[in-house]
Amino acid sequence: MSRESRMLAGILLVVLPTVMYGGLTLLGALTGNAPGYNDNPLRHDLWRAGHAHAGVYLVLSLVILRYVDEAVLSPFWKWLARTGAPIAAILIPMAFFLSVASPRATQPNGLMNLAYIGAVFLAAAILTLGVGLIRAARAMPR
307 MSRESRMLAG ILLVVLPTVM YGGLTLLGAL TGNAPGYNDN PLRHDLWRAG HAHAGVYLVL
367 SLVILRYVDE AVLSPFWKWL ARTGAPIAAI LIPMAFFLSV ASPRATQPNG LMNLAYIGAV
427 FLAAAILTLG VGLIRAARAM PR
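Take 307 as the starting number for the sequence shown in the working numbering and just add one per residue.
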């Protein structure tokens, strides 16, 4: 594993407990009948989705890091493959949380567009890594 991948993996593992804390916070809001959470279905659903997406994309980021250094890619494309999923793990949940930051929100605000930007980073990272791994497999002797 390259130094870059190892460093990012370490950072992601240090950050992962913040997602766990977020889950604990949401559980407290759910069981404590927090105003603005249980009485607002849109906010409730988007915050729950934000938490789930953060966790899944962080774990996906760790999985991706095990493959990036085996891919046949230029340094820029390796950077994109390495960082696209963590960027998505920030932008997509941020869109879900901040688009309904007000307890009285009845529809998401313009910050929901961050989810689309995050989705582009995620798709670019996954496609780039896939192409790089196919190139690496083709270069292997039979």
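For each residue, glycine too, the CB sits at the ideal point set by N, CA and C.
Can you tell which of the options has the C-alpha that lies nearest to the C-alpha of residue i?
i: Leu417; options: Pro409, Ala425, Ser405; result: Ser405
i: Lys384; options: Ile370, Ile396, Ala394; result: Ile370
i: Ala391; options: Ala340, Ala421, Leu330; result: Ala421
i: Ala401; options: Val437, Gly424, Val374, Thr412; result: Gly424
i: Asp375; options: Val365, Ala387, Leu364, Leu366; result: Ala387
i: Val362; options: Ile393, Met313, Arg309; result: Ile393
i: Arg354; options: Ala431, Leu336, Ser308; result: Leu336
When you compare only the Cα positions, how much space is there between residue i and residue j?
i: Leu435; j: His359; result: 20 angstroms
i: Ile429; j: His350; result: One point to set straight first is that residue 429 is Ala, not Ile, in the sequence displayed. So the two alpha carbons sit approximately 27 angstroms from each other.
i: Ala442; j: Thr331; result: 43 angstroms
i: Gly334; j: Ala340; result: 8 angstroms
i: Leu352; j: Pro414; result: 9 angstroms
i: Ser311; j: Leu368; result: 9 angstroms
i: Pro409; j: Phe403; result: 11 angstroms
i: Arg448; j: Val378; result: 17 angstroms
i: Val437; j: Leu314; result: 21 angstroms
Which residue comes first and which comes last in the alpha helix (DSSP H) that contains residue i?
i: Arg448; result: Taken as a continuous stretch (DSSP letters only), Arg448 belongs to no alpha helix (DSSP H), as it is neither H nor E.
i: Gly390; result: 381-404
With 16 other CB atoms within 10 Å as the buried threshold, where does residue i fall?
i: Pro399; result: buried
i: Gly338; result: exposed
i: Ile440; result: exposed
i: Ile317; result: exposed
i: Ser380; result: exposed
i: Val320; result: exposed
i: Tyr327; result: exposed
i: Leu348; result: exposed
i: Ala395; result: buried
i: Ala407; result: exposed
i: Phe427; result: buried
Tell me, please, whether the CB atom of residue i is closer than 8 angstroms to any CB atom in chain B?
i: Arg444; result: Given the protein chain composition of this structure (a single chain), no chain B is represented.
Of all the alpha helix (DSSP H) runs that stay within the bounds of the segment 309-373, which reach a length of 4 or more residues?
Within the segment 309-373, the complete alpha helix (DSSP H) runs of at least 4 residues are 309-337.
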